[in-house]
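Each remark here refers to the structure printed beneath this line.
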Amino acid sequence: MSGCEVFNKVILTDFLEVNRQELRGWLQDEGGCSLDWTPYLQHVCKLEGRQPSAWTEKAAKLRQVIMDIVPIDVHSPQPLALDVLPSAGADCLVSCYCLESVSPDLSAFTRALGNIGRLLRMSYYFGAHGVKIPTVPVNEAQVCASLKETGYTMIRLEVYKLPPDLNDWGDDASDVFFVKAMKE
């Protein structure tokens, strides 16, 4: 959500069509989304030092910069269709509950991390957010080891305990990992 403050073009991806439909419903802002994103937008505004009431402006700005919503298969060596990103790659990747929710084990998680790393420009950033849905249980040490094994340099890692009022996704996670890492 904060990416709209830095990037003027954002591409959203998800492995499930039903999730992409939900994102499209929110993007069109016509009541087609079954999830109320207001508490999340308000929380991001607070984290950014803004009043929670600024969430409507945040939502509008985010809608302006989202260019597309496309499928992704993080377990494929080519996770996105070839024409989705510029040939040089993406400036930044953010994973929110993707790698850990579609990976059956730590080995698959690590391979998926390597696969999406191929989407990045060299010396650009990857950020991971969350351990959600039925997920491969990863801890801080495992996330760090997987990043190192797949060629990332850790810049910053924060572990955030999800407050109960924001943990309504119906998953088994209690920690969210915020990772800033550079692909070598």
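As numbered in numbering that gives the first Met the number 0, residues 0 to 183 make up the sequence shown, in order.
Each residue gets a CB set at the ideal place from its N, CA and C atoms; glycine is no exception.
{"query": "Gly129 to Val137 span [Cα, whole Å]", "result": "Summary for Gly129: the model assigns pLDDT 46, below 50, so the residue's position carries little reliability; its value from the coordinates is reported in the next sentence. Using only the alpha carbons, I get a separation of about 10 Å."}
{"query": "Proximity below 9 Å, CB of Arg110 to CB of Ala89", "result": "no"}
{"query": "Complete beta strand (DSSP E) runs within the segment 62 to 131 (minimum length 3 residues, chain order)", "result": "65 to 70, 89 to 95 and 119 to 128"}
{"query": "Candidates Ile68, Leu112, Ser1 and Glu183: closest to Gly48 by CA position", "result": "Ser1"}
{"query": "CB contact below 9 Å: Ala89 versus chain B", "result": "Among the chains in the structure shown there is no chain B, since it carries only a single protein chain."}
{"query": "Cα-Cα separation between Gly24 and Lys57, rounded to whole angstroms", "result": "17 Å"}
{"query": "Top-ranked residue by Cα proximity to Ile115, from Asp72, Tyr96, Phe177 and Asp35", "result": "Asp72"}
{"query": "First and last residue of the uninterrupted beta strand (DSSP E) at Val175", "result": "Asp174 to Lys182"}
{"query": "C-alpha gap between Asp13 and Glu139, whole angstroms", "result": "24 Å"}
{"query": "Validate contact between the segment 77 to 94 and the segment 27 to 46 using beta carbons, cut 8 Å, 3 pairs", "result": "no"}
{"query": "Integer Cβ distance of Leu112 from Ser86, believed to fall under 8 Å", "result": "Not quite, the Cβ-Cβ distance comes to about 22 Å (not below 8 Å), so this is no contact."}
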